[in-house]
Amino acid sequence: MSPDARPSDAETVVFQAEITPHRSLGRRGFLIVMLGFGGLSAFVSVPFYLLGAWPVLGFLGLDVLALWIAFRLSFAQARACEQVALTYVELLVRKITPRGRIAEWRFNPLWVKLETETDEDFGMTRLAIAQRQERLDLAGALSPWERAEFAKAFGAALAAARAGPMRSGAID
61 MSPDARPSDA ETVVFQAEIT PHRSLGRRGF LIVMLGFGGL SAFVSVPFYL LGAWPVLGFL
121 GLDVLALWIA FRLSFAQARA CEQVALTYVE LLVRKITPRG RIAEWRFNPL WVKLETETDE
181 DFGMTRLAIA QRQERLDLAG ALSPWERAEF AKAFGAALAA ARAGPMRSGA ID
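Yeah, the sequence shown ends on 232 if you go by our numbering, and it's all consecutive.
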């Protein structure tokens, strides 16, 4: 270590990101959709009930229940995330499942290589970190365009981490 470098330089965060799945429907929208769908189902089922076809009421109720379950599962999946933290000496990737289970991988930024797969019609379909024989997919929740932007920013940060604090301009 050079006399100008501080011991905390190695722990300086060069890049940090949290990747979460996108959900376009919030809580309020969910409530509106469920009330609308439930109201429509009730409106449609009342005439059938009055005509004596009461089983239709139950089937339309099952439709509302199935939609509610599908949304609840979607909201549960939205709790998953990936956290990426890069310092000059370590790359930490943490994946958190919807149930809260945490898996961590630690890499040396000097030995890490970014691997991408690109489809000419769909864009970047895969982004992975590779070190020796180990490969870890990243940014699976992002669209191909967002994944490409993430790869560009992350690649630049990896280059800065490899250069070290003295060359990347992190030290004043």
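For every residue, glycine included, the Cβ atom is placed at its ideal position computed from N, Cα and C.
Predicted model, so just to flag it, every value in this text is computed and none were measured.
Residue pairing by DSSP places D179 opposite G183 in a beta bridge. Remark: three or more beta-carbon pairs, one from each stretch, lie closer than 8 Å, so the stretch 71-83 and the stretch 137-150 are flagged as touching. Bounds of the beta strand (DSSP E) holding R195 are E194 to L198. F135 and E209 have their C-alpha atoms roughly 26 Å apart. By the C-beta criterion, the stretch 121-133 is judged to be in contact with the stretch 96-110, since at least 3 inter-stretch pairs fall below 8 Å. Per DSSP, the beta-bridge partners of I189 are L174 and L196. Counted as a single uninterrupted DSSP element, the alpha helix (DSSP H) harbouring V124 occupies residues P115 to Q137. Nearest neighbour of R166 by Cα position, chosen from G118, F90, Q191 and W114, turns out to be Q191. In the same chain as W171, and ignoring 5 residues on each side of it, the C-beta atoms closer than 6 Å to its own belong to Q191, in chain order. Approximately 15 Å separates the beta-carbon atoms of E194 and R186; this is outside 8 Å, ruling out the contact. About 18 Å separates the CB atoms of V93 and S105; that is not less than 8 Å, and the two are not in contact. Apart from the 5 residues on each side of it in sequence, R83 sits with its Cβ closer than 6 Å to the Cβ of A138 in its chain, given in chain order.
Within the model, the alpha-carbon separation for G160 versus E175 is close to 28 Å. When secondary structure is reduced to three states using DSSP, V153 falls in the strand class. Using a Cβ distance threshold of 8 Å, M184 and R207 count as a contacting pair.
A Cβ-Cβ separation of about 11 Å leaves V73 out of contact with A220 under the 8 Å criterion. Taken atom to atom, the span from the alpha-carbon of A213 to that of K173 is near 14 Å.
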